[in-house]
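Colleague: Those protein sequences? They're chains P and L, same order as listed. Quick note: the first sequence uses our numbering, first residue 293, plus one each step. Quick note: the second sequence uses our numbering, first residue 293, plus one each step.
There are 2 protein chains.
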Amino acid sequence: MTTSTAGTRRRDAAATRRLLLAAARRRFAADGYTATTVRDIATDAGVNVALINRYFTSKEGLFEACLTGVGDELGRTVAQDMPLERIPLDIAARLAGPDAGEYRIQLLLLLRSSGDERAERIRADILRTFADRLATATGWRPGVAGAGERMLRAQITLASAMGITLLRSSTLEPLASAGQEELTGPLRDLFTALLRP
Amino acid sequence: MTTSTAGTRRRDAAATRRLLLAAARRRFAADGYTATTVRDIATDAGVNVALINRYFTSKEGLFEACLTGVGDELGRTVAQDMPLERIPLDIAARLAGPDAGEYRIQLLLLLRSSGDERAERIRADILRTFADRLATATGWRPGVAGAGERMLRAQITLASAMGITLLRSSTLEPLASAGQEELTGPLRDLFTALLRP
DNA sequence: ACGCTATGTAAACGATTGCTGACTTGCCCA
DNA sequence: TGGGCAAGTCAGCAATCGTTTACATAGCGT
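1) Determine the closest residue to L:ALA327 out of P:GLY407, P:THR476, P:LEU459, with distance taken between C-alpha atoms.
2) Report the three-state DSSP secondary structure of P:ASP304 (helix, strand or coil).
3) Smallest Cα separation from L:ALA416: which of P:PRO380, P:THR463, P:LEU400?
4) Mind listing the chain P neighbours of L:GLU474? Cutoff is C-beta to C-beta under 9 Å, in chain order.
5) Within the 8 Å Cβ cut-off, does P:ALA470 reach chain L?
6) Rank L:ARG460, L:PHE348, L:LEU366 by C-alpha distance to the C-alpha of L:ARG425 and give the top, closest one.
7) Spell out whether any CB of chain P is found under 8 Å from the CB atom of L:ARG396.
8) Would a check of beta-carbon distances place L:ALA327 closer than 8 Å to chain P?
9) Use the C-beta contact count for P:VAL362: other C-beta atoms within 10 angstroms, 16 or more gives buried, fewer gives exposed.
10) With L:ASP336 as the anchor, note down where its alpha helix (DSSP H) starts and where it stops.
11) Below 9 Å between beta carbons is the criterion; list the residues of the region 411–423 of chain L that meet it against any residue of chain P, in chain order.
12) Taking CB distances under 8 Å as the criterion, tell me whether L:ILE448 reaches chain P.
13) Where do the ends of the alpha helix (DSSP H) carrying P:GLN447 lie?
14) Under 7 Å Cβ to Cβ from L:ARG347, same chain only, skipping five residues before and after it: list those, please.
15) Which value, in whole angstroms, describes the spacing of the CA atoms of P:THR449 and P:ALA305?
16) Comparing the C-beta of P:SER350 with each C-beta of chain L, is any distance below 8 Å?
17) Along the region 377–404 of chain P, where does the CB come closer than 7 Å to a CB of chain L? Name the residues.
18) Spell out whether any CB of chain L is found under 8 Å from the CB atom of P:PRO333.
19) Restricting to Cα atoms, I'd like to know which of P:PHE422, P:GLU409, P:ALA342 is closest to P:ILE383.
20) Along chain P, in chain order, which residues have C-beta atoms closer than 8 Å to that of L:PRO478?
21) Kindly indicate if chain L contains any beta-carbon less than 8 Å away from that of P:MET374.
22) Are the CB atoms of L:LEU482 and P:LEU482 nearer to each other than 8 Å?
23) Is the beta carbon of L:LEU459 sitting closer than 8 Å to the one on P:MET374?
24) Evaluate contact between the region 430–450 of chain L and the region 466–473 of chain P, counting only Cβ atoms and requiring at least three cross-stretch pairs below 8 Å.
25) Specify the secondary structure class of L:ARG488 as computed by DSSP and reduced to three states.
26) Excluding five sequence neighbours on each side, which residues of the same chain lie with their C-beta closer than 6 Å to the C-beta of L:ARG317?
27) Could you check how far apart the C-beta atoms of L:LEU419 and L:LEU402 are, in whole angstroms? I think they sit under 8 Å.
28) What residues of chain P sit near L:ASP481, judged by a beta carbon separation below 7 Å?
29) Examine chain L for any beta-carbon lying closer than 8 Å to the beta-carbon of P:ALA321, and answer yes or no.
30) Applying the criterion that 16 or more other CB atoms from any shown protein chain within 10 Å of the CB defines a buried residue, is P:VAL436 buried or exposed?
31) Could you tell me which of P:GLU474, P:PRO434, P:THR369, P:ARG378 sits nearest to P:GLU394, measuring between CA atoms?
32) With a CB to CB cut of under 8 Å and the five nearest residues on each side skipped, what residues in its chain are close to L:THR294?
33) Are the CB atoms of L:ALA427 and L:ARG442 nearer to each other than 8 Å?
34) For P:LEU349, does the count of other Cβ atoms within 10 angstroms reach 16, so buried, or fall short, so exposed?
And the structure:
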């Protein structure tokens, strides 16, 4: 570990970029965009403040980088050619499973707004493709009969997942500390009721 | 209308207090706590900035006043001795009915955080009583068998409603512009699946 | 009618914000 | 091994934040 106590860290642009991104994601997700200061992020990452502007141009740029990062990760993992009956289990795992902390950050980031127009578009794109995949898993196709309500139901499902994430992070008990096994039942009921083909 | 174009408004402490509260609710709900400036609120209300501190002590005090106001209004109207089968219809009306604008502000305010400890407690109290009422409508009682899961399901229902509100305000189509009649069906499915006694 | 108080106004305070420029210093390659 | 450039540091800028203070005035009670 070169970054142990004392001593200057080895110079590595890519590594500090990653450090900044990770710290920014945590802060933005937990506190929101405006409440997070660039000095907070830099301190968390153990990095000089000015490097944020060097590597990401601005605070807005850093936020956009966080969003596109989340988009990439969700794009690779979520509901990718997944049978409909596995989805409730998968989402329950994301909400309360072993890696729930990382997923919660991703979902919360999608609910944080910076006011910047470009960032808003990125966020909207991610949400839309997310919903599209969910809808496709339920048999949705662009022109088919009832496509409108199918898409609507997929988006309501997505909204429920995000609402649960949000209320879990507000320490509303017993929801906040409910484990994966307790969430799976209700979630299966919720999803089958909304997405049944 | 004494407040028409030009001319000083008639002096009325209670009235300007109301103006400030209304403007603050809209701003806090739409933009969040930190992103909202006291000058924004004062301009919206057509009132001098310093009066915020006179009537509400601080920006935090104004935010707390907004929250307790929402708590009072929701406390009087939501799920008050309501039969279980009416609840989906009622919530659909709140999400997309004629007064949806006002209700959306109230729900969004409950998701905005100021970081202030006292405000967080107020918010948590409102959410908890909200969930309690929902749970009670489904037959929940403090000691009865399965009380834990009943409360959990009520909170998940609440979370879904708030998630829908949140995604509707992010202009996610078709969810954002879905009317009351389109929302009622999916919501009834969702609620009966979660709250069936 | 007049004076006192509640109400509203204007200007500025110190603190904090995002960001920049000039600078040091570590590291790779010739 | 040393020159050159990328990587990191430091101090301070202008703008904006919430708040306060000193002042003006409308309106009510006598």
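Backbone N, C-alpha and C fix where the C-beta goes; we use that ideal spot for every residue, glycine too.
Modeller: Let me lay it out:
1) If we check each option's Cα against that of L:ALA327, P:GLY407 comes out closest.
2) coil
3) P:THR463 is the residue among P:PRO380, P:THR463, P:LEU400 whose C-alpha sits nearest the C-alpha of L:ALA416.
4) GLY440, GLU441, LEU444
5) yes
6) L:LEU366
7) Taking Cβ atoms only, chain P never reaches closer than 8 Å to L:ARG396, which makes this a no.
8) yes
9) So P:VAL362 counts as buried.
10) 330–337
11) GLU412, ARG415, ALA416, LEU419, ARG420, ALA423
12) yes
13) 439–460
14) With the sequence shown as reference, residue 347 of chain L is identified as Tyr, and Arg is not the correct amino acid for it. Excluding sequence neighbours, L:TYR347 sits near ARG309, LEU312.
15) 40 Å
16) no
17) Those residues of the region 377–404 of chain P that come within reach of chain L (Cβ to Cβ, closer than 7 Å) are LEU403.
18) A small correction: the amino acid at residue 333 of chain P is Ile; Pro does not occupy that position in the sequence shown. Interface residue (Cβ-Cβ distance to chain L less than 8 Å): P:ILE333 is not classified as such.
19) P:PHE422
20) GLU441, LEU444, ARG445, ILE448, LEU486
21) False, the Cβ-Cβ gap to chain L never drops below 8 Å.
22) yes
23) no
24) Note that the region 430–450 of chain L touches the region 466–473 of chain P; at least 3 beta-carbon pairs, one per stretch, sit closer than 8 Å.
25) coil
26) If we look at L:ARG317 and ignore the five residues flanking it on each side, its Cβ neighbours are CYS358, ILE397.
27) 6 Å
28) ALA485, LEU486
29) no
30) exposed
31) P:THR369
32) Any reading at L:THR294 is ruled out, since the residue's pLDDT is 34, under 50, leaving its predicted position unreliable.
33) yes
34) Residue identity differs from the one stated: residue 349 of chain P is Thr in this sequence, not Leu. The residue is exposed, with fewer than 16 neighbouring Cβ atoms inside 10 Å.
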